[in-house]
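Novice:
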Amino acid sequence: MAKFTYKAKDQHGITITGEMESSSSDAVASRLKVMKCTPILISKEEALFSDLLEKYFSGFQKVKLDELIVFVRQLSSILAAGVPLLESLDAVYEQVQSPRFKKIILDMRHNIEGGASFSDALSNYSKVFGPIFISMVKSGERAGILGEVLERLANLLEKDFENMQKIKSAMRYPIIVLFALGIAFVVVITFVIPQFSKLYSSFKTELPLPTRILLGINYVIVNYWLFIILGLIGFVVLIKKILDTDQGRLLWDKIVLSLPIFGQLINKLILARFSRMLAAMLKSGIPIVEALNISKDTIENRILSDVVIKVKEEVVQGGGLTDPIKNAKVFPPLVVQMVAIGEKSGSLEQMLSKVADYFDRDSDYTIRNLTPLIEPLLILMLAFLVVLLALGVFLPMWDMVKLVQT
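Oh and the sequence shown: position 266 is 266 in UniProt numbering, straight run, nothing missing.
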């Protein structure tokens, strides 16, 4: 995105000037026309060193999800009280702490003041707000229920944040244990084993297998650590390159969904989020085909994203939502029945919300039991390392004691 300065005439014939970030001058002109302004002059600004620094460091100042939730929740509350949008943005601006987010709000306010709609102002920051957010706001503006739509969006974002926190909390203990095991293993291999290696080298008998394994690992780490690091970096780069391809991404997403425990959990979380967002968009007046089209872009797993594409194609050809999701074979029969009842009774949005609740309860149960499910594997790993280290260190000492005794 480049920065452009423009001069234009608004709908009252008054000359206005300003700055705008966009991909091209044509895009700036299009946005000015949306704002009911006639472009006079559009010029691209040359990037100064300070601008480059700001652009570089802004990457480290991303808008956090909890900040976005507070912004949307406060904005919806102020709008519900009958305060105009510009004044509402001013009020929320004072509460925001992030410099990056403050700049975004100021820029949006400037665009709205120039005649743009709130959804048009949001679309300049699609990476921050996302397609569902922008589409729901646009629909809310058309229907005159912007405050209500923002409240729904706040609920969606809060649920996403809640799920993230639950997963982080459940994974904290296993990660700490694995990290501690890794540190302990490296310390023993790097510092403890070398102290015994000189002593072991004086033995006339062959060293036990566990000791030879540990000495071999120590030799490789000490002598080839640079190649190991370069190899790991190369492996990460290679994996990233593979994931950038369609086939590679498809294969990776298939592997992720087939993982024990985690695959089912990811599947439930994605389907819960999809159902909740689809329900929210339908409640906001977005047509089902458009809602499905937007939803597919928010699903990061290609396997499930392709499922939504197929569902959308079947809906476009005619018929309801029940048969397509039944044919997709990723929704449980109970969910298919709930959607069918929702379509027949004219309460599809409410039923989709209940479907989301169903997947939420299921995923919550899995998350709560995540640590107990992983604990046996952690115990096995711990036991293996302890036995290997104990045998590697103490077996030769035991042999040495027997040698001395004889």
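Ideal Cβ placement from N, Cα and C applies to all residues, glycine included.
Provide the residue(s) that pair with residue 173 in DSSP beta bridges, ordered along the chain.
Specialist: Partner(s): none; residue 173 has no beta bridge.
Novice: Are there 16 or more other CB atoms within 10 angstroms of the CB of residue 227, so buried, or fewer, so exposed?
Specialist: Exposed: under 16 other Cβ atoms inside 10 Å.
Novice: Would residue 242 be called buried (16 or more neighbouring beta carbons within 10 Å of its own) or exposed?
Specialist: Counting Cβ neighbours within 10 Å, residue 242 comes out exposed, since fewer than 16 surround it.
Novice: If you measure from the beta carbon of residue 322 to each beta carbon in chain C, is any gap under 9 Å?
Specialist: No chain C is present in this structure, which holds just one protein chain.
Novice: Check this for me: beta carbons of residue 339 and residue 307, under 9 Å apart or not?
Specialist: No, the Cβ-Cβ distance between residue 339 and residue 307 is not below 9 Å.
Novice: Leaving out the 5 sequence neighbours to the left and right, which residues in its chain are closer than 7 Å to residue 439 when beta-carbon positions are compared?
Specialist: Since the displayed the chain opens at 1 and closes at 406, residue 439 lies outside it and no answer follows.
Novice: Does the region 305-320 come close enough to the region 375-391 that 3 or more CB-CB pairs lie under 8 Å?
Specialist: Cβ pair count under 8 Å is below three, so no.
Novice: I'd like to confirm the pairing. Which residues does DSSP put opposite residue 9 in its beta bridges?
Specialist: Paired residue(s): 15 and 38.
Novice: Between 151, 163 and 185, which has its C-alpha nearest residue 74's C-alpha?
Specialist: The shortest C-alpha separation from residue 74 is found at 151.
Novice: Can at least three beta-carbon pairs, one atom from the region 2-11 and one from the region 95-102, be found at a separation below 8 Å?
Specialist: Result no; under three Cβ-Cβ pairs closer than 8 Å.
Novice: Between the C-alpha atoms of residue 117 and residue 174, what's the straight-line distance to the nearest angstrom?
Specialist: C-alpha separation (whole angstroms): 47 Å.
Novice: Have a look at the DSSP bridge pairing and note the partners of residue 20.
Specialist: The partner list for residue 20 (beta bridge, DSSP) reads 4.
Novice: Taking the DSSP output, what are the residues bridged to residue 363?
Specialist: For residue 363, which the question treats as bridged, DSSP gives no partner whatsoever.
Novice: Rounded to the nearest angstrom, what separates residue 14 and residue 341 at their Cα positions?
Specialist: So the two alpha carbons sit approximately 56 Å from each other.
Novice: Taking its Cβ as the centre, do 16 or more other Cβ atoms sit within 10 Å of residue 398, making it buried, or is it exposed?
Specialist: So residue 398 counts as exposed.
Novice: Within the present structure, is the beta-carbon of residue 312 separated from the nearest heavy atom of the ligand FMN by less than 8 Å?
Specialist: As far as ligands go, the structure on display features none, and thus does not contain the ligand FMN.
Novice: So, under 8 Å CB-CB, residue 153 and residue 276 are touching, yes? Tell me the CB distance rounded to an integer number of Å.
Specialist: Contact flag wrong, Cβ pair sits at about 11 Å.
Novice: Rounded C-beta distance between residue 40 and residue 9? I'm assuming under 8 Å.
Specialist: That belief holds up - the Cβ atoms of residue 40 and residue 9 are roughly 6 Å apart, short of 8 Å.
Novice: To the nearest angstrom, how far is the alpha carbon of residue 188 from that of residue 392?
Specialist: Looking at the two C-alpha atoms, the distance is approximately 11 Å.
Novice: In its own chain, which residues sit with a C-beta less than 7 Å from the C-beta of residue 183, not counting the 5 before and 5 after it?
Specialist: Hits under 7 Å: none found.
Novice: Is it the case that the region 266-282 contacts the region 100-108, given that we only count it when at least three CB pairs across the two stretches are under 8 Å?
Specialist: The answer is no - the region 266-282 does not touch the region 100-108, with fewer than three Cβ pairs under 8 Å.
Novice: Okay, do the region 280-293 and the region 370-382 touch, 3+ Cβ pairs below 8 Å being the bar?
Specialist: Short answer: they don't touch.
Novice: Alpha carbon to alpha carbon, how far is residue 324 from residue 310?
Specialist: Straight-line Cα distance between these residues: approximately 8 Å.
Novice: Quick one: what's got a C-beta closer than 8 Å to residue 293's C-beta in the same chain, skipping five residues either side?
Specialist: Answer for residue 293: 312, listed in chain order.
Novice: Can you grab the Cα-Cα spacing for the pair residue 47 / residue 190, in whole Å?
Specialist: Any reading at residue 47 must be qualified, since the residue scores a pLDDT of 47, below 50, and its modelled position is unreliable; no value is offered.
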